[in-house]
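Quick mapping for you: the protein sequence lines, in order, are chains D and C. Be aware that the first sequence starts at 1, since it is given in full-length UniProt numbering, and climbs by one per residue. Be aware that the second sequence starts at 1, since it is given in full-length UniProt numbering, and climbs by one per residue.
2 protein chains.
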Amino acid sequence: MATGRTERPAHRGRGIPEATVARLPLYLRALTALSERGVPTVSSEELAAAAGVNSAKLRKDLSYLGSYGTRGVGYDVEYLVYQISRELGLTQDWPVAIIGIGNLGHALANYGGFASRGFRVAALLDADRAVAGQRIAGMVVRHMDDLEQIVRDDGVSIGVITTPAPAAQGVADRLVAAGITSILNFAPTVLTVPEGVDVRKVDLSIELQILAFHEQRKSSTEPAPGPAPVPAAVTPAVSPAVAPAVTRPTASGGDLGGDLPEVMPA
Amino acid sequence: MATGRTERPAHRGRGIPEATVARLPLYLRALTALSERGVPTVSSEELAAAAGVNSAKLRKDLSYLGSYGTRGVGYDVEYLVYQISRELGLTQDWPVAIIGIGNLGHALANYGGFASRGFRVAALLDADRAVAGQRIAGMVVRHMDDLEQIVRDDGVSIGVITTPAPAAQGVADRLVAAGITSILNFAPTVLTVPEGVDVRKVDLSIELQILAFHEQRKSSTEPAPGPAPVPAAVTPAVSPAVAPAVTRPTASGGDLGGDLPEVMPA
DNA sequence: TCGGCTTTGTGCACACGTTCACAAGAGCCT
DNA sequence: AGGCTCTTGTGAACGTGTGCACAAAGCCGA
């Protein structure tokens with residue numbers, strides 16, 4: 001394109017907005033599907049629809065990668081798949097280690113979605129010696145003691161934490177110490193890591209809570225358009241006596257060890 | 001602002017920013033932990049640290065709920081736990097149905113964290129009659145045929161889809177037809193639902209791809225702390241002549257890396 | 001060669017989200 | 001009572017993200 005402008009839109013090396021990066025995988029998935037159907041080209045409108053976004057947004061997102069489209073025609077599917085894959089770094093191999101082989105770790109180990117994108121489950125680890133040694137998804141679970149060695153030998157670059165919440169920070173510390181700078185955390189805890197280390201979190205219970213919020217809003221707005229019921233307009237923090245009652249909705253026998261239950265996405 | 005401040009922030013009925021709603025569960029978790037440790041009050045600074053956010057942001061977030069703090073002191077933990085729980089709708093019971101009892105569905109069914117927040121797994125469903133009938137997590141898996149009836153009888157309000165991607169849309173359609181307006185989708189597909197229905201998506205593969213993007217960037221920027229970021233940025237693609245020609249960068253080894261990532265998800 | 005049609009790439013305006021910085025309250029000590 | 005210290009609540013600046021609308025650019029048919 002080269003608009004001859006002083007500064008090139010070249011966000012190339014740096015500057016691709018986070019929001020855009022988060023959507024690229026979405027476009028890639030849609031493009032891959034098109035590719036398999038043998039579709040040669042797509043317009044921003046079609047691709048946007050397939051990815052569930054606004055077409056203007058899609059065009060702007062793609063423009064950060066470069067001018068890979070043809071006006072009046074659209075985008076070459078294969079070419080775009082390649083460009084996005086490269087931008088996301090999927091053209092290389094990413095050995096992943098899953099730490100914590102409980103319900104979730106077990107499920108992830110068997111999840112096919114990983115291998116299909118350049119991600120390779122290189123190792124499964126667990127602190128429980130009863131678990132270590134078991135064969136899961138064709139791999140032998142290793143013990144946490146070997147973590148550093150495994151990371152080094154297999155060149156693991158991404159760590160997936162699926163341990164119970166209390167153990168997560170410790171595991172993260174060891175991963176970081178071992179040189180890992182990217183962590184996907186499923187444990188319901190806030191991980192503290194040194195600068196330069198990336199942590200992304202997946203939390204099922206948070207997603208459900210957000211849904212509950214909207215669901216509640218929907219049901220309370222639909223029937224009676226009237227304002228909220230909230231009469232507590234005059235209840236200073238002096239009477240916390242009412243509060244406690246809620247903390248435990250379901251009588252799940254003192255579970256709240258601080259979200260101690262299985263890590264699970266939740 | 002414009003809103004004549006009669007008595008309260010009045011963001012009550014509507015208007016709590018999405019970004020804030022998404023963080024409330026985080027605060028709630030941190031507060032619950034404090035509560036269990038018997039801590040009576042917290043300052044925005046402490047709570048922010050525990051939740052991993054900026055204190056100013058936390059104060060602003062909480063201010064949308066009302067003025068529940070005490071200047072010079074902080075927030076009453078119990079009281080705040082109650083207020084946030086109520087705002088999120090966690091003071092009521094939310095029956096959840098999990099559709100698709102594969103690895104992930106199985107793991108979720110066994111996850112204990114559900115009950116701790118007002119969510120109750122009311123039913124497990126699967127399209128495979130070999131799966132239906134099995135006992136998982138103390139429940140008998142039902143067949144998809146009974147979906148509508150189960151939703152009605154148990155008052156299910158939230159559906160969790162953990163089926164393979166191809167089946168997701170069909171399941172979503174049935175859930176919506178059955179009256180469900182909140183869906184948590186784990187299948188790697190874009191679900192199309194009528195307005196008024198909320199869909200939240202959790203995609204492990206996307207999270208990994210985002211991590212890969214940053215990881216790649218890190219390794220290519222690390223060596224040179226100075227300016228020059230990515231030298232390997234490939235040709236500026238300024239020459240439009242290149243793009244069209246590369247319609248098939250496949251085997252013929254195009255101008256770039258030469259290796260086409262055979263990426264495809266499940 | 002020249003319009004006409006299509007679709008990209010992007011300038012611009014607006015909405016949303018984040019952060020700073022500080023006045024206003026609240027409690028405490030003298 | 002007066003002043004000091006602490007912390008909230010929020011105005012305002014700033015940064016990021018979104019979406020419209022349109023000029024530029026490629027393709028095609030006459």
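Just so it is clear, CB atoms sit at the ideal spot from N, CA and C, and this is done for glycine as well. Computed from a predicted structure; not experimentally measured.
Cβ of residue i within 7 angstroms of any chain D Cβ
{"i": "ASP198 (chain C)", "result": "yes"}
{"i": "ARG142 (chain C)", "result": "no"}
{"i": "ARG117 (chain C)", "result": "yes"}
{"i": "SER67 (chain C)", "result": "no"}
{"i": "ALA107 (chain C)", "result": "yes"}
{"i": "GLY89 (chain C)", "result": "yes"}
{"i": "SER44 (chain C)", "result": "no"}
{"i": "ILE158 (chain C)", "result": "yes"}
{"i": "GLY52 (chain C)", "result": "yes"}
{"i": "GLU148 (chain C)", "result": "no"}
{"i": "ILE210 (chain C)", "result": "yes"}
When the options are compared against residue i, the one with the closest alpha-carbon
{"i": "ARG217 (chain C)", "options": "D:ASN185, D:GLY89, D:VAL39 and D:SER35", "result": "D:GLY89"}
{"i": "LEU58 (chain D)", "options": "D:VAL197, D:SER44, D:SER205 and D:LEU65", "result": "D:SER44"}
{"i": "ALA51 (chain C)", "options": "C:THR41, C:LYS60, C:GLU36 and C:LEU28", "result": "C:LEU28"}
{"i": "ALA167 (chain C)", "options": "C:GLU195, C:GLY72 and C:ALA127", "result": "C:ALA127"}
{"i": "GLU18 (chain D)", "options": "C:GLU215, C:SER220, C:SER219 and C:ILE210", "result": "C:ILE210"}
{"i": "SER219 (chain D)", "options": "C:GLY196, C:THR192, C:ALA123 and C:ALA178", "result": "C:GLY196"}
{"i": "ALA48 (chain D)", "options": "D:SER67, D:GLY66 and D:ARG23", "result": "D:ARG23"}
{"i": "VAL121 (chain C)", "options": "C:ALA107, C:GLY102 and C:ILE98", "result": "C:ILE98"}
{"i": "SER205 (chain C)", "options": "D:SER67, D:ALA115 and D:ALA107", "result": "D:ALA115"}
{"i": "PRO25 (chain C)", "options": "C:LEU80, C:GLU46, C:GLY38 and C:VAL42", "result": "C:LEU80"}
{"i": "ASN103 (chain D)", "options": "D:LEU65, D:VAL131, D:ALA33 and D:ARG117", "result": "D:VAL131"}
{"i": "ASP203 (chain D)", "options": "C:GLU87, C:GLY113 and C:GLY38", "result": "C:GLY113"}
{"i": "GLY155 (chain C)", "options": "C:MET139, C:ALA123 and C:GLY138", "result": "C:ALA123"}
Buried versus exposed call for residue i [16 or more other C-beta atoms within 10 Å across all chains shown]
{"i": "ASP146 (chain D)", "result": "exposed"}
{"i": "GLY15 (chain C)", "result": "exposed"}
{"i": "ASN185 (chain D)", "result": "buried"}
{"i": "ASN110 (chain C)", "result": "buried"}
{"i": "ALA188 (chain D)", "result": "Contrary to the premise, residue 188 (chain D) reads as Pro rather than Ala in this sequence. The residue is buried, with at least 16 neighbouring Cβ atoms inside 10 Å."}
{"i": "residue 269 (chain D)", "result": "The shown model of chain D, from 1 to 266, leaves out residue 269 (chain D), and the question about it has no answer."}
{"i": "ALA233 (chain D)", "result": "Since pLDDT at ALA233 (chain D) reaches only 32, below the 50 mark, its modelled position is unreliable, and the value read off the structure follows with that caveat. Exposed, by the Cβ-count rule."}
{"i": "GLY72 (chain D)", "result": "exposed"}
{"i": "THR70 (chain C)", "result": "exposed"}
{"i": "GLN149 (chain D)", "result": "exposed"}
{"i": "GLY133 (chain C)", "result": "exposed"}
Short CB-CB distance (under 7 angstroms) between residue i and chain C
{"i": "PRO25 (chain D)", "result": "yes"}
{"i": "LEU184 (chain D)", "result": "yes"}
{"i": "GLU207 (chain D)", "result": "yes"}
{"i": "GLY113 (chain D)", "result": "yes"}
{"i": "GLU195 (chain D)", "result": "no"}
{"i": "LYS137 (chain D)", "result": "It is worth fixing the name first, because residue 137 (chain D) is Ala in this sequence and not Lys. Closer than 7 angstroms: no."}
{"i": "residue 314 (chain D)", "result": "The question about residue 314 (chain D) has no answer, for chain D in this structure spans 1 to 266."}
Residue i: first and last residue of the uninterrupted beta strand (DSSP E) it sits in
{"i": "ASP76 (chain D)", "result": "74–76"}
{"i": "GLY170 (chain C)", "result": "Taken as a continuous stretch (DSSP letters only), GLY170 (chain C) belongs to no beta strand (DSSP E), being part of the alpha helix (DSSP H) at 165–177."}
{"i": "PRO95 (chain C)", "result": "94–99"}
{"i": "LEU184 (chain D)", "result": "182–185"}
{"i": "ALA123 (chain D)", "result": "119–126"}
{"i": "ASP198 (chain D)", "result": "198–201"}
The alpha helix (DSSP H) enclosing residue i, as first and last residue numbers
{"i": "ASN110 (chain C)", "result": "103–110"}
{"i": "ASP146 (chain C)", "result": "No alpha helix (DSSP H) holds ASP146 (chain C); DSSP gives it neither H nor E."}
{"i": "ALA56 (chain C)", "result": "55–63"}
{"i": "ALA30 (chain D)", "result": "18–36"}
{"i": "LEU90 (chain C)", "result": "First-last for LEU90 (chain C): undefined, no H or E at that position."}
Alpha-carbon spacing of residue i relative to residue j, whole angstroms
{"i": "ILE180 (chain C)", "j": "SER157 (chain C)", "result": "6 angstroms"}
{"i": "ASP153 (chain D)", "j": "VAL141 (chain C)", "result": "43 angstroms"}
{"i": "GLY74 (chain D)", "j": "SER182 (chain C)", "result": "35 angstroms"}
{"i": "THR163 (chain C)", "j": "GLY170 (chain C)", "result": "10 angstroms"}
{"i": "ILE136 (chain D)", "j": "MET144 (chain C)", "result": "29 angstroms"}
{"i": "GLY100 (chain D)", "j": "LYS201 (chain D)", "result": "15 angstroms"}
{"i": "GLU78 (chain C)", "j": "PHE213 (chain D)", "result": "20 angstroms"}
{"i": "ALA30 (chain C)", "j": "ASP198 (chain D)", "result": "21 angstroms"}
{"i": "TYR64 (chain D)", "j": "VAL42 (chain D)", "result": "18 angstroms"}
{"i": "VAL39 (chain D)", "j": "ASP93 (chain D)", "result": "27 angstroms"}
{"i": "ARG129 (chain D)", "j": "ALA165 (chain D)", "result": "19 angstroms"}
{"i": "THR91 (chain D)", "j": "TYR68 (chain D)", "result": "18 angstroms"}
{"i": "ARG117 (chain C)", "j": "GLY118 (chain D)", "result": "36 angstroms"}
{"i": "VAL96 (chain C)", "j": "LEU208 (chain D)", "result": "9 angstroms"}
{"i": "ALA237 (chain C)", "j": "ALA177 (chain D)", "result": "The pLDDT assigned to ALA237 (chain C) is 33, lower than 50, so where the model puts this residue is not dependable, and the model offers no usable value."}
{"i": "VAL160 (chain C)", "j": "ALA172 (chain D)", "result": "29 angstroms"}
{"i": "SER85 (chain D)", "j": "ALA107 (chain D)", "result": "26 angstroms"}
heavy atom of the ligand NAP below 6 angstroms from residue i C-beta
{"i": "GLN134 (chain D)", "result": "Judged by which ligands are present, the structure shown has none, so any question about the ligand NAP falls away."}
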